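Heads up, the thing below is written out as C-alpha cells.
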Amino acid sequence: MGASSIPSFVGGMPLHGSGARFETLNPATGQSLAAVWDANAADVEAAVASAQQGFERWSALTGTERGRVLRRAADLLRLRNRELAELEVRDCGKPLQEALVVDVQSGADCIEFFAGAAATLMGAQYPLKNAFAYTRREPLGVCVGIGAWNYPLQIACWKSAPALAAGNTMIFKPSELTPVTALKLAEIYLEAGVPPGVFNVLQGRGGTGALLAAHPGVAKVSLTGSVPTGKRVMQTAAGTLKRLTMELGGKSPLIVFEDADLEQAVAAAMMGNFYTQGEVCTNCTRVFVQRGLADRFLARLKERTALLRVGDPMDELTEVGALISAAHADKVMDYIGSGLAEGATLSFGGHRLEITGCDGGSFVAPTIFSDCQDHMRIVREEIFGPVLSMLVFDHEDEVVRRANNTRYGLAAGVFTSDLSRAHRVVSRLKAGICWINNYNVTPIEMPFGGAAESGIGHENSMVAMDHYTQLKTVYVELGQVACSYR
Ligand code: NDP
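The opening position of the sequence shown corresponds to residue 134 in our numbering, with each subsequent residue numbered one higher.
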C-alpha cells in the first residue's frame with residue numbers, strides 16, 4: 134500500500150468506514166498512490182442521513198446565498214489549480230499540460246456558472262378564470278453523482294454544481310480508479326462555506342454505486358460511465374423510480390468533406406482521438422473522409438501524429454500520457470489486434486511504448502487505422518484509447534447513413550466550407566452534440582448530453598437545472614368552489 138490513505142467524506146468530515154481498503158495506482162508507474170477506504174452499506178446509510186440533514190439547511194437558503202458560497206469554491210479551485218492538476222495527473226495518467234488548462238479550470242467555470250444561475254431559478258404564473266396558478270422550481274433532495282475515471286474532478290464539478298445551485302445535496306462516488314480529487318473538492322466546498330452534509334463523497338467500487346442507486350432516500354442519480362453500467366444503474370434505480378441523468382459512451386463520427394480546410398480537419402481529428410490518450414467519451418473515433426481528400430488527409434494526419442510527444446505525464450512537454458490501467462491498455466491492444474485481424478491497414482502506431490522513468494506504466498502509441506470497413510470491431514465498439522479509424526466515403530447520403538449506423542449517439546462533427554451542407558448534415562445526424570468545423574469543445578454555457586444509447590438528459594448550461602429541480606404547480610382560487618353537490 135502507498136503511504137497515504139483516502140477516506141470518504143461525510144457530514145463535513147473524513148469517514149474511514151469499516152476498515153476494508155483497496156489500492157489506487159499511479160497509471161504512469163503502476164505504483165500504489167494510496168489506500169482507499171471502501172464504503173460499505175453502513176457508510177452509505179451514514180452518507181444518506183448526512184445529506185438529508187444537509188438538505189434541510191441548504192435548501193432553506195436563497196439562491197443568492199447559495200450562489201455566493203459556490204462562487205467562493207470556484208475561486209478556491211482556481212487558486213489551487215496546479216496542486217489539483219498534479220494530483221489529478223498522478224491519479225489518472227493524463228498529461229499535466231492538459232490538466233493545468235482543462236480539468237480544474239473547466240470545473241471552476243462550471244461552479245461559477247451555476248453559482249450565477251442559482252438566483253435565477255423561477256416559476257411561471259398562469260392567469261385563469263377567477264383563479265391563477267403558479268409554478269415553483271424546487272430541489273429534488275439528495276442526489277447521487279457517480280463518476281468515470283477520465284475527468285474525475287471535472288465530472289464531480291459538472292454534477293455537483295447544478296445540483297447544489299438548485300438547493301439539492303449530493304453524495305458523489307468517484308471511480309475506484311480515481312478517488313483523489315473528489316475528496317479535495319469536498320474540502321474546498323467546506324472551506325468555501327458549503328455546510329457539512331451538503332456535498333459528501335463515498336469511496337468505493339461499483340457495489341457502492343449500486344447501493345446508492347437503490348437507496349429510497351436518494352431522489353436522483355447522475356451517472357457518467359459506460360453504456361452497460363448505465364443500463365444496470367437504470368434497472369437498480371427503477372425500484373424507487375429515481376430521476377436519472379446518464380452520460381454514457383460513444384463511437385462518434387467526424388465527417389470531412391472534400392471542401393474542408395485540411396489542416397483544421399486534421400487538427401480536430403487528432404484532438405478528438407489523442408487528447409487524454411483517447412480516453413474521452415465524445416471522441417470522433419470514426420473519421421469519415423471524402424474520397425478526393427482521403428490520401429492527403431491521411432498523409433498529413435500521419436505527419437502530425439508523428440510529432441506527438443508520448444511520455445511521463447508529469448513532464449509539461451508531454452502531450453500523450455498513460456492509459457488508466459494495465460488492464461485497460463490490454464483491452465486497447467486487443468482492439469488493435471482485432472483491427473489487424475479484420476484487415477484494416479495500420480498506418481501509424483499500434484504498439485506499446487516504454488517510457489524512461491515510468492517503468493510499470495501503461496503507454497500505447499497514438500494509432501491510426503486506414504482502409505477501415507463499417508463492420509470491423511474497431512469501427513463499431515468503443516475502445517476508449519488512442520485509436521483512430523479512418524473510413525472513406527463518396528456521397529453525402531451515404532456518409533449520413535453510415536455515420537448513423539450505431540446504437541450510440543453521443544457526438545458528431547462535420548468539416549466543410551459549405552455552410553448549407555454543414556447544417557443539413559448535422560440535422561440528419563443521430564447525435565446529442567454536433568460540432569461544425571471544430572470538435573470536442575464543451576463550454577459550460579452549452580448543453581452536453583447524448584442521444585440513443587449514449588445517454589439521457591443533459592449536463593451544463595441552464596438545461597442542467599431542469600434535471601436537478603422538479604416543478605410544483607400551485608392553483609390559487611379567487612372565487613368560489615364550483616360545487617356540484619347539495
Ligand atoms: P464504468 O461504467 O465502468 O464506471 C462508471 C462509474 O460507475 C464508476 O464510478 C463505477 O465504479 C460505477 N459503477 C460500476 N458499476 C456500477 C453499478 N452496478 N451501480 C452503480 N455504479 C456502478 O465506466 P468507466 O469508469 O470505465 O468510464 C469509461 C466510460 O465512461 C466510457 O464508456 C466512456 O465513454 C464513459 N464516459 C462518458 C462520458 C459522457 O459524458 N458521456 C464522459 C466520460 C466517460 P467503479 O469505478 O468502482 O467500477
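Every residue gets a Cβ at the ideal spot worked out from N, C-alpha and C, and that includes glycine.
Only a predicted model underlies this, so the values are computations on that prediction, with no experimental measurement involved.
Under the three-state DSSP convention, the category residue i falls into
i: Met76; result: Coverage of the chain is limited to positions 134 through 619, which leaves residue 76 absent and any answer about it impossible.
i: Trp291; result: helix
i: Lys605; result: strand
i: Phe265; result: strand
i: Val354; result: strand
i: Glu610; result: strand
i: Lys464; result: helix
i: Gly163; result: coil
i: Tyr322; result: helix
i: Asn333; result: strand
i: Leu486; result: strand
i: Tyr572; result: coil
i: Val497; result: strand
i: Ile511; result: helix
i: Met134; result: Caution is warranted here: a pLDDT of 39 is assigned to Met134, below 50, making its placement in the model unreliable, and the coordinate value is therefore given only provisionally. In this structure, Met134 counts as coil in the three-state DSSP scheme.
i: Thr195; result: coil
i: Ile589; result: strand
i: Met598; result: helix
i: Phe481; result: strand
i: Thr362; result: helix
i: Met447; result: coil
i: Leu316; result: helix
i: Glu380; result: strand
beta-carbon residue i near ligand 1 non-hydrogen atom, thresh 7 angstroms
i: Gly612; result: no
i: Tyr284; result: yes
i: Leu356; result: yes
i: Cys414; result: yes
i: Ser495; result: no
i: Glu380; result: yes
i: Ala346; result: yes
i: Val422; result: no
i: Leu486; result: no
i: Glu586; result: no
i: Thr131; result: Lying before the first or after the last residue shown, residue 131 is absent from the chain, which here runs from 134 to 619.
i: Glu515; result: yes
i: Glu309; result: yes
i: Leu440; result: no
i: Ile321; result: no
i: Ile244; result: no
i: Ile279; result: yes
Integer-rounded CB distance, given that residue j should sit under 8 angstroms from residue i
i: Ile664; j: Gly358; result: In the structure as shown, the chain starts at 134 and stops at 619, and residue 664 therefore has no counterpart that could be examined.
i: Ile566; j: Phe581; result: 6 angstroms
i: Ala545; j: Ser385; result: 6 angstroms
i: Phe407; j: Leu441; result: 6 angstroms
i: Leu273; j: Thr606; result: About 16 angstroms; that fails the 8 angstroms criterion.
i: Pro307; j: Pro328; result: The Cβ separation is near 21 angstroms, so there is no contact.
i: Phe155; j: Val143; result: Between Val143 and Phe155 the Cβ distance is about 18 angstroms, and since that is not below 8 angstroms, they are no contact.
i: Gln423; j: Phe390; result: 5 angstroms
i: Thr341; j: Leu217; result: Actually they are not in contact, since the Cβ atoms of Thr341 and Leu217 sit about 24 angstroms apart, beyond 8 angstroms.
Per DSSP, cross-strand counterpart(s) of residue i
i: Lys435; result: None, per the DSSP bridge assignment.
i: Gln423; result: Phe526
i: Arg154; result: Trp170
i: Val413; result: BP columns for Val413 are empty, so no partner.
i: Ser141; result: Leu148
i: Val389; result: Val422 and Phe548
i: Glu216; result: BP columns for Glu216 are empty, so no partner.
i: Asp270; result: Here the sequence assigns Arg to residue 270, which means Asp is not the residue at that position. Answer is Leu604, bridged to Arg270.
i: Tyr259; result: Ala266
i: Ile566; result: Ala544
i: Glu178; result: Bridge partners of Glu178: none, in fact.
i: Lys306; result: Ile279
Near ligand 2: residue i beta-carbon under 7 angstroms from a heavy atom
i: Lys306; result: Absence of ligand 2 from the depicted structure is noted, with ligand 1 being the only ligands included.
C-alpha distance - residue i paired with residue j, whole-angstrom precision
i: Phe502; j: His348; result: 45 angstroms
i: Thr575; j: Gly330; result: 30 angstroms
i: Val181; j: Leu229; result: 35 angstroms
i: Thr302; j: Glu380; result: 20 angstroms
i: Ala232; j: Glu452; result: 11 angstroms
i: Tyr267; j: Ser239; result: 36 angstroms
i: Ala264; j: Ser550; result: 55 angstroms
i: Thr625; j: Arg554; result: For residue 625 there is no data in the structure shown, the boundaries of the chain being 134 and 619.
i: His508; j: Met404; result: 25 angstroms
i: Gly145; j: Ala432; result: 55 angstroms
i: Ser165; j: Leu158; result: 4 angstroms
i: Cys276; j: Leu209; result: 24 angstroms
i: Ala193; j: Gly372; result: 29 angstroms
Short CB-CB distance (under 8 angstroms) between residue i and chain C
i: Met303; result: Going by chain labels, chain C is absent from the structure shown, which holds only one protein chain.
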